[in-house]
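Reviewing the structure listed below.
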Amino acid sequence: MPINSNPTMRQRRLARRLRDLRTAAGLTHADASKVLGSAESKVGRIENAQSGIRLPDLRALMDAYGVTDPDERNDIELLSREAKQKGWWSRYANVVDAGYAAYVAVEWDASEIYNVETNLIPGLLQTPEYTKALIELQVPDATPEQVEARISVRSERRTILTRKNPLQLWVIISEGALRHRVGSSAVIKAQLEALVEASRQPNIQLQVLPDEDPMNACLFGPFVIMSFPASAETDIIYADSPTSTTYFEEPPEVETYTTLFRRLNMAAANVTKSRALIQGAIKKWDS
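Here you go:
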């Protein structure tokens, strides 16, 4: 099987899952290679997401690793199949970069997302008008066709909140984000009104971190924690900047961000008070 020099996040999730299962079973690369009748290097490539794995090999490894629960085996096989498949976002390959497409794929697989935003309204809760104004600010040389395509991607992403098994979304927004101008006053007002309505949805919990709270000093930038349906699968942290995308997958890194989210969750206004803060910001955009 050819070496993959640019694995997707789905492939990396599968690779990490297999590595964790092997480690939990107390087996070495040499032990796993005997199961597959291959060189140890093949196991290393699989666990580094440098190559895929055929279904018979995957099932043989699960047998060796003591994975007997049918649901867990189905989850792992599904992840293996999906790692090779293209999702709806592939239709936009000409207008979104590979990093963004990879993020959308992982987001689509998530069952829970914990999102902290310091300056903007979270992407999953943006109105099309706010998204359009934001793209025009961030990518000033984008063509009208590219802008519309990016808006379409954002709109399709939002269906994750209304699908059959909707995403559970926890959001913490800095109060300052409610005052930042993105587009006209009418665009901002409509966006904040949509935010209030979103906060009433049963699968969305939205909190605002007030300006005066000391925890603002702990915000070094926005981040997202993504959890997946399989309880054995490790969470993934996503952090973004204008020039790079970073994923944190190792347990100590994940725990650092998870602990920070818990602290922010305790510091932020509760859902009712947060809604009042947003409604207060709407009145200011009226003036």
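Last residue of the sequence shown: 302 (our numbering), numbering continuous.
Glycine residues also receive a C-beta, built at the ideal position from the N, C-alpha and C atoms.
Rounded separation between residue i and residue j - CA only
i, j, result
"F263", "V269", "6 Å"
"Q294", "Y253", "30 Å"
"A30", "I61", "6 Å"
"K299", "N63", "52 Å"
"P267", "T38", "17 Å"
"E132", "A54", "46 Å"
"L251", "D156", "The question names Leu, but residue 251 is Ile in the sequence shown. Taking the straight line joining both Cα atoms gives about 32 Å."
"P159", "L149", "13 Å"
"T23", "V111", "15 Å"
"I188", "V119", "21 Å"
"V202", "V50", "60 Å"
"F238", "I128", "10 Å"
"T146", "S105", "20 Å"
"D228", "K179", "37 Å"
"T177", "T274", "29 Å"
"D86", "C233", "40 Å"
Range of the contiguous beta strand (DSSP E) that encloses residue i
i, result
"S242", "238 to 242"
"A254", "251 to 255"
"T261", "260 to 263"
Cβ-Cβ distance between residue i and residue j below 8 Å
i, j, result
"A213", "L140", "yes"
"P181", "N130", "no"
"S230", "R278", "The sequence given here has Met at residue 230, not Ser. Yes, these two residues count as a Cβ contact at 8 Å."
"L36", "Y80", "yes"
"L221", "S167", "no"
"D90", "A245", "yes"
"E144", "V162", "no"
"T260", "G138", "no"
"V223", "A282", "no"
"A209", "T142", "yes"
"A98", "R34", "no"
"Q183", "S126", "yes"
Residue from the options with nearest C-alpha to residue i
i, options, result
"L76", "T43, R169, E122", "T43"
"S242", "A283, G102, E122, T83", "E122"
"L135", "E190, T249, D226", "E190"
"V186", "E92, V58, K49, F276", "F276"
"I240", "L176, Y272, K288, T261", "Y272"
"A164", "A116, I175, V197", "A116"
"G94", "D84, D112, D124, V110", "According to the sequence shown, residue 94 is Leu rather than Gly. The shortest Cα separation from L94 among D84, D112, D124, V110 belongs to D124."
"H195", "I297, E171, E97, G114", "I297"
"S200", "D301, T260, I128, R169", "D301"
"S170", "M24, A282, W103", "W103"
"T249", "Q26, T23, R32", "R32"
"A40", "A98, T83, L234", "T83"
"F235", "S126, D255, V197, P225", "D255"
"Q65", "G52, R28, R215, R74", "R28"
"P225", "A45, R96, A291, Q153", "A291"
"T287", "V211, D228, V154, E227", "V211"
"R96", "E87, R69, K57", "R69"
"Q153", "I175, G198, N109", "G198"
Beta-ladder partner(s) of residue i, from DSSP
i, result
"I188", "E132, V223"
"Q183", "E127"
Boundaries (first-last residue) of the alpha helix (DSSP H) holding residue i
i, result
"P137", "Here P137 belongs to no alpha helix (DSSP H), and DSSP marks it neither H nor E."
"S56", "55 to 62"
"R173", "159 to 173"
"M281", "266 to 282"
"S105", "First-last for S105: undefined, no H or E at that position."
"K299", "286 to 301"
"S214", "Per DSSP, S214 belongs to no alpha helix (DSSP H) and is neither H nor E."
"H44", "44 to 51"
"R74", "70 to 79"
"D35", "24 to 39"
"N89", "85 to 98"
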